[in-house]
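S.K.: In this note's numbering, the protein residues as written are 16 to 536.
All C-beta atoms, glycine included, are put in the ideal place defined by N, C-alpha and C.
Fair warning: this is a prediction, and the values are worked out from it, not measured in the lab.
Just passing along the structure, written as structure tokens.
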């Protein structure tokens, strides 16, 4: 998707602008749309030619595309949908409440309905059923209570919220926030397939392994999300996740935001400790009293502003992370239809391969040591089976995310081949003989997405524990305490997946400060 209105003007100083947003990914689009709707003359600048950041459509084979970046929605901010009227701008769900089919090493399968509260109530096991209901009730209550703390922003403070909770809930929140996922699940559930499935859910797309402290909050964060009012649901948007980006762009355009693609920012102007606009890579300046940055924190603060302007403790916070883990995306164009009944019977569901506990522990250890684990968690969907608008009779596209993998800044061909073969081997555990049907494939690692977006590869590494993310987001969202500067880049976001909460919070903070300073929209 491209907005090709790249406006020239090297050496020119452009004024009369109220706000500039740097970076047109989902968070940047969100921030720009909020500012535009408030009546602020807003310019959205994107260095690349594509609008949407990591989420975009790419060709897999002639006439067949896949959606890069994300394939499902689980934590999309409901306030953004409502405030920006995203349903009117095109967001709808091909599958609002996806069931999940879990596959295990021993060949067993487990299906859970997309409404987890109903799934727990209907769980057909005398021992596990009541325990599962208690678990879902307790975790959903805790997740809903923590939801405001997952919105990021300088005021985000889950610990403060915990202290304000009723005593029983506060004790539970303390347990959930500190304990390994493995310990929490052992406290609630008997051994079996359900516990194995939930252990994998708690470790998926996170750098925190399920047997390590703070790891259970990954699941709490995911289940704090809601889709069309249904908590903990997972959805496939009509047209894929790119449809959400398209709706955000339309919302920004409806708010009269000036979207300029292929317009990179060289530096942010700081005058008397206050943002004053930007200097473009092609020369020229755009002056504005509000600047919102949706890029990587290191790029924004260390390069666009410069270390001399930024507090040393702030610098340390945003540069301390050294990612070790990442996820890999594999998209397959398949010839014909699945030959086995197991695969055919689950093509309209979310498919998860869940390795056993010890295999999962080894996988995280191997990935951290730079080795490709033999056992991977896999989340896969058949988009054509879920979406009538794009699907055909043959249902040929499969999109999968594999985790955990070692984080590589620039993997060579041999490493990529090893990763692809390992992902396929794990997919074959629930979709036998799939390799024989592949007619085209696309492996997308952190380095590939970084090349496409121009962002550093570590922007697409697995995020740390939720507790660490909250702490980092609180610091990063302060934007180094530079007046008029607001931040909604990766370091301000909490949880893996498309959210838009950081963009909303950055725009709201800008609007609040502008009104407090007497600026009339």
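Less than 9 Å between the beta carbons of residue 477 and residue 186, yes or no?
M.R.: Position 462 of the chain shown, counted from the first residue, corresponds to residue 477. Position 171 of the chain shown, counted from the first residue, corresponds to residue 186. Not a contact, by the Cβ cut-off of 9 Å.
S.K.: Verify whether the separation of the beta carbon atoms of residue 188 and residue 215 is less than 9 Å.
M.R.: Indexing the chain shown from 1 puts residue 188 at position 173. Indexing the chain shown from 1 puts residue 215 at position 200. Not in contact: residue 188 and residue 215 (Cβ atoms no closer than 9 Å).
S.K.: Would you be able to state if there are at least three C-beta pairs under 8 Å between the region 494 to 511 and the region 465 to 481?
M.R.: Yes, the region 465 to 481 is in contact with the region 494 to 511.
S.K.: Can you give me the start and stop residues for the alpha helix (DSSP H) that residue 15 sits inside?
M.R.: Look at the range of the chain in this structure, 16 to 536, and you will see that residue 15 is not part of it.
S.K.: With DSSP run on the structure shown, which of helix, strand or coil describes residue 304?
M.R.: Taking the chain shown and counting its residues from 1, one reaches residue 304 at position 289. Here residue 304 sits in coil by DSSP.
S.K.: Please tell me whether residue 340 and residue 382 are closer than 9 Å, where the distance is taken between their beta carbons.
M.R.: Here residue 340 is taken as the residue at index 325 of the chain shown, counted from 1. Here residue 382 is taken as the residue at index 367 of the chain shown, counted from 1. Yes, the pair counts as a contact, with Cβ atoms nearer than the cut-off.
S.K.: Throw me the rounded Cβ distance for the residue 200 and residue 213 pair, which I believe falls under 8 Å.
M.R.: Residue numbering aside, residue 200 sits at position 185 when the chain shown is read from its first letter. Residue numbering aside, residue 213 sits at position 198 when the chain shown is read from its first letter. About 6 Å separates the two Cβ atoms, so the contact holds.
S.K.: Which of helix, strand or coil does DSSP assign to residue 533?
M.R.: Within the chain shown, residue 533 is the residue found at index 518, counting from 1. With a pLDDT of 47 at residue 533, under the threshold of 50, the modelled position of this residue cannot be trusted; read the value that follows with caution. Residue 533: coil per DSSP, three-state reduction.
S.K.: Enumerated in chain order, which unbroken segments of the alpha helix (DSSP H) with a length of 4 residues or greater are wholly contained in the region 381 to 466?
M.R.: The qualifying runs are 398 to 401 and 428 to 442.
S.K.: Look at residue 332 and residue 487 and say whether their C-beta atoms are less than 9 Å apart.
M.R.: Stepping through the chain shown from its first residue, residue 332 is reached at position 317. Stepping through the chain shown from its first residue, residue 487 is reached at position 472. In this structure, residue 487 lies closer than 9 Å to residue 332 by Cβ.
S.K.: Just tell me which of 390, 456, 247 and 429 has its CA closest to the CA of residue 414.
M.R.: As a position in the chain shown, residue 414 is number 399, starting the count at 1. When each option's Cα is compared against that of residue 414, the closest is 456.
S.K.: Could you have a look at residue 192 and say whether DSSP puts it in helix, strand or coil?
M.R.: Numbered from its first residue, the chain shown carries residue 192 at position 177. Helix at residue 192.
S.K.: For residue 343, report the span of its alpha helix (DSSP H) as first-last.
M.R.: Working through the chain shown from its first residue, we reach residue 343 at position 328. Segment 340 to 349 is the beta strand (DSSP E) holding residue 343; no alpha helix (DSSP H) there.
S.K.: Please report the Cβ distance between residue 458 and residue 435, rounded to the nearest whole angstrom; I am assuming they are in contact, meaning their Cβ atoms lie under 8 Å.
M.R.: Working through the chain shown from its first residue, we reach residue 458 at position 443. Working through the chain shown from its first residue, we reach residue 435 at position 420. With 8 Å as the limit, residue 458 and residue 435 qualify as a contact, their Cβ atoms being about 5 Å apart.
S.K.: DSSP three-state call for residue 219: helix, strand or coil?
M.R.: Here residue 219 is taken as the residue at index 204 of the chain shown, counted from 1. If DSSP states are grouped into helix, strand and coil, residue 219 belongs with coil.
S.K.: Reducing DSSP to helix, strand and coil, say where residue 27 ends up.
M.R.: Taking the first residue of the chain shown as 1, we reach residue 27 at position 12. Residue 27: coil per DSSP, three-state reduction.
S.K.: With the cut-off set at 9 Å, would you say residue 146 and residue 247 are in Cβ contact?
M.R.: Numbered from its first residue, the chain shown carries residue 146 at position 131. Numbered from its first residue, the chain shown carries residue 247 at position 232. No, the Cβ-Cβ distance between residue 146 and residue 247 is not below 9 Å.
S.K.: Do residue 86 and residue 416 come within 9 Å of each other at the CB atom, strictly closer than that value?
M.R.: Here residue 416 corresponds to residue number 401 of the chain shown, with the count starting at 1. Here residue 86 corresponds to residue number 71 of the chain shown, with the count starting at 1. Yes, the pair counts as a contact, with Cβ atoms nearer than the cut-off.
S.K.: With 16 as the cutoff for other CB atoms within 10 Å, does residue 472 come out buried or exposed?
M.R.: For this step, residue 472 is matched to residue 457 along the chain shown. Residue 472 comes out buried.
S.K.: Touching or not, the region 353 to 368 and the region 435 to 455, by the rule of three or more beta carbon pairs under 8 Å?
M.R.: Short answer: they touch.
S.K.: Are residue 42 and residue 517 touching if we call contact CB-CB under 9 Å?
M.R.: Walking along the chain shown from the start, residue 42 turns up at place 27. Walking along the chain shown from the start, residue 517 turns up at place 502. Closer than 9 Å, so yes.
S.K.: Given that a residue counts as buried once 16 or more other Cβ atoms are within 10 Å of its Cβ, and exposed if not, what is residue 523?
M.R.: Here residue 523 refers to the residue found at position 508 when the chain shown is read from its first residue. Buried.
S.K.: For residue 379, write down the residues that DSSP places opposite it in a beta bridge.
M.R.: Here residue 379 refers to the residue found at position 364 of the chain shown. Note: residue 379 sits in no beta bridge, so no partner.
S.K.: For residue 324, count neighbouring C-beta atoms within 10 Å of its own C-beta (all shown protein chains included) and say buried if the count is 16 or more, exposed if not.
M.R.: Counting from one through the chain shown, the residue named residue 324 turns up at place 309. Classification for residue 324: exposed.
S.K.: For the region 496 to 508 against the region 296 to 311, are there 3 or more C-beta pairs whose distance is under 8 Å?
M.R.: The region 496 to 508, when compared against the region 296 to 311, does touch it at the 8 Å Cβ threshold.
S.K.: Less than 9 Å between the beta carbons of residue 378 and residue 370, yes or no?
M.R.: Against the chain shown, residue 378 aligns to sequence position 363. Against the chain shown, residue 370 aligns to sequence position 355. Yes, Cβ-Cβ distance for residue 378 and residue 370 is below 9 Å.
S.K.: Leaving out five residues before and five after residue 16 in sequence, what residues of the same chain have Cβ atoms less than 8 Å from its Cβ?
M.R.: For the purposes of this step, residue 16 is taken as the residue at position 1 of the chain shown. Below a pLDDT of 50, predicted positions are generally treated as unreliable, and residue 16, at 45, falls in that range; the measurement from the model is reported next regardless. Once the five neighbours on either side are set aside, the close Cβ partners of residue 16 are 65, 66, 67, 71, 72, 257, 260, 261 and 264.
S.K.: Sorted by chain position, which residues of the same chain lie with C-beta nearer than 7 Å to residue 217's C-beta, five sequence neighbours on each side aside?
M.R.: Locating residue 217 in the chain shown gives position 202, where the first residue counts as 1. Answer for residue 217: 196, 225, 230, 231, 233 and 234, listed in chain order.
S.K.: To the nearest angstrom, how far is the alpha carbon of residue 351 from that of residue 399?
M.R.: Here residue 351 corresponds to residue number 336 of the chain shown, with the count starting at 1. Here residue 399 corresponds to residue number 384 of the chain shown, with the count starting at 1. Near 13 Å, if we compare the C-alpha coordinates of residue 399 and residue 351.
S.K.: To which residues of the same chain is residue 56 closer than 6 Å at the C-beta, ignoring the five residues directly before and after it?
M.R.: Sequence index remark: in the chain shown, residue 56 carries index 41 (1-based). The residues are 32 and 33.
S.K.: Please report the residue range of the beta strand (DSSP E) in which residue 58 lies.
M.R.: Against the chain shown, residue 58 aligns to sequence position 43. Unbroken beta strand (DSSP E) run through residue 58: 57 to 60.
S.K.: Within the same chain, show all residues whose beta-carbon is closer than 8 Å to that of residue 238, passing over the 5 residues directly before and after it, in chain order.
M.R.: In the chain shown, the residue the question calls residue 238 occupies position 223. Around residue 238: 131, 154, 155, 158, 246 and 247.
S.K.: Which term fits residue 534, buried or exposed, when burial requires 16 or more other beta carbons within 10 angstroms of its beta carbon?
M.R.: In the chain shown, counting from the first residue as 1, residue 534 sits at position 519. With a pLDDT of 45 at residue 534, under the threshold of 50, the modelled position of that residue is not reliable, and the figure given next carries that caveat. Residue 534 should be labelled exposed.
S.K.: Let me check understanding here. Comparing Cα to Cα, which of 335, 283, 89 and 530 lies closest to residue 497?
M.R.: Here residue 497 is taken as the residue at index 482 of the chain shown, counted from 1. Among 335, 283, 89 and 530, the Cα nearest to that of residue 497 belongs to 283.
S.K.: Roughly how many angstroms separate the alpha carbons of residue 81 and residue 393, rounded to a whole number?
M.R.: Within the chain shown, the letter at position 66 stands for residue 81. Within the chain shown, the letter at position 378 stands for residue 393. In a straight line, the C-alpha of residue 81 is about 18 Å away from that of residue 393.
S.K.: Which of the three DSSP states, helix, strand or coil, is assigned to residue 71?
M.R.: Walking along the chain shown from the start, residue 71 turns up at place 56. It is a strand residue.
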